[in-house]
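J.:
Numbering (my numbering), first residue to last: 5 to 124.
1) On the three-state DSSP scale, how would you describe residue 107?
2) One question on the structure: do residue 138 and residue 48 come within less than 8 Å of each other, judged by their Cβ atoms?
3) Count Cβ pairs between the stretch 107-115 and the stretch 63-79 that sit closer than 8 Å; are there 3 or more?
4) Are the beta-carbon atoms belonging to residue 98 and residue 91 less than 8 Å from one another?
5) May I ask you to report which of helix, strand or coil DSSP gives residue 2?
6) Does the Cβ of residue 73 have 16 or more other Cβ atoms within 10 Å, making it buried, or fewer, making it exposed?
7) On the criterion of 16 or more Cβ atoms from any shown chain inside 10 Å, does residue 53 qualify as buried, or is it exposed?
8) Skipping 5 residues on each side, what residues in its chain have a beta carbon closer than 8 Å to that of residue 61?
9) Residues bridged to residue 90 by DSSP?
10) Mind reading off the beta-carbon distance from residue 87 to residue 75? Whole number of angstroms is fine, and I expect it under 8 Å.
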């Protein structure tokens, strides 16, 4: 009987540890700071620039991007929102937009770095 009790206690302990680990992962995976970039850059042929934040359209691969006169490189956060958008012309960086979102998901700020402020 004591062996069964001991086995249950160990099982309860393991279940408790597993529950805590799952809660830890869930809490910290969804609490990233505004502007956190997830994954690799993605490349686009165009952007919709009628309102902020600009939205890249017509995704292409890196090789296609480098063969274009103008292309865009975008990074996204865990919510799928653009947090960094770069414009390249003839393979050279022209500008960088960085977007920060508030707790409600709305755009809080935009920072534009033009070529003359990126390069010395």
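Just so you know, even glycine gets a beta-carbon here, dropped at the ideal spot from N, CA and C.
Fair warning: this is a prediction, and the values are worked out from it, not measured in the lab.
T.: With the given structure in hand:
1) Assigned with DSSP and collapsed to three states, residue 107 falls in coil, not helix or strand.
2) Missing from the structure shown is residue 138; the chain here goes from 5 to 124 and no further.
3) Short answer: they don't touch.
4) Yes. Within cutoff.
5) There is no way to answer for residue 2, as the model of the chain reaches only from 5 to 124.
6) Exposed: under 16 other Cβ atoms inside 10 Å.
7) That one is exposed.
8) Correct list, in chain order: 48, 49, 50, 51 and 52.
9) Partner(s): 77 and 100.
10) Contact flag wrong, Cβ pair sits at about 18 Å.
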